[in-house]
Amino acid sequence: MTRGIWRLRQIARRLGATGLLGLALCLAAGALWREGVVPTQDHVAAETAEWQAAASRPITKPAPTPAGPAAWVAELPRANAIPTLTGQLAGLAHDQGIQLEEGRYAMSPVEGTSLSRWRARIPVEASYPALKRFLASSLARMPALTLDGFKLERADTSSPTLDAELRFSVYVRSGA
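Numbering (the working numbering), first residue to last: 303 to 478.
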């Protein structure tokens, strides 16, 4: 035992402080590799096996929904839902700080179908960002709503607000 200790002291003297520091750093790097890299390699191998198993499984598709005009018409709101839709539109405008002024509204039947078209021309005064957010949220949340057109005017180039006229349509199923 004493002979082994003597040999270690001889090796330490030959290496010197720099050599011992290098040896300690090599041992630390080995320990870190053993604790960090090896488990990561195992994790990557497990994830790869999981992905390969998922790729080999057949893809299941959802049942097709009925397509065509009949399905599209069945999803449209009924004509008696117009007050609810206008309230929803006013609520979305209010969320953006826009007050919808009294507009012009008209309902007309679509010839040869059981549909009607509700049209609205609504004057609005708002900032451009608020108007843009209002239009985006309205069209996203109300699938039956379409923006037929709009007119933008700014009375003064330094004014932060726009005068706009928005033209919307909603196709609805006729009858109650």
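Glycine included, C-beta positions come from ideal geometry on N, C-alpha and C. Predicted model, so just to flag it, every value in this text is computed and none were measured.
- For the pair serine 418 and proline 425, the CB atoms are not nearer than the 7 Å cut-off.
- Within the segment 379 to 441, the runs of alpha helix (DSSP H) at least 4 residues long that lie entirely inside it are, in chain order, 384 to 397.
- Tryptophan 420 sits buried, since 16 or more C-beta atoms from the chains shown fall within 10 Å of its C-beta.
- Less than 7 Å separates the beta-carbon of glutamine 398 from that of phenylalanine 436.
- With contacts defined as CB atoms closer than 7 Å, valine 472 and leucine 387 qualify as a contacting pair.
- Between the alpha carbons of serine 429 and glutamine 401 lies a distance of about 12 Å.
- Of the residues assessed, alanine 408 falls on the exposed side of the cut-off, its CB having fewer than 16 other CB atoms within 10 angstroms.
- At least 7 Å separates the beta-carbon of threonine 459 from that of glutamate 427.
- The segment 372 to 391 makes contact with the segment 439 to 447, as at least three CB pairs between them are under 8 Å.
- Within the same chain, Cβ atoms closer than 6 Å to the Cβ of glutamate 403 are found at Pro425, the five residues on either side in sequence being excluded.
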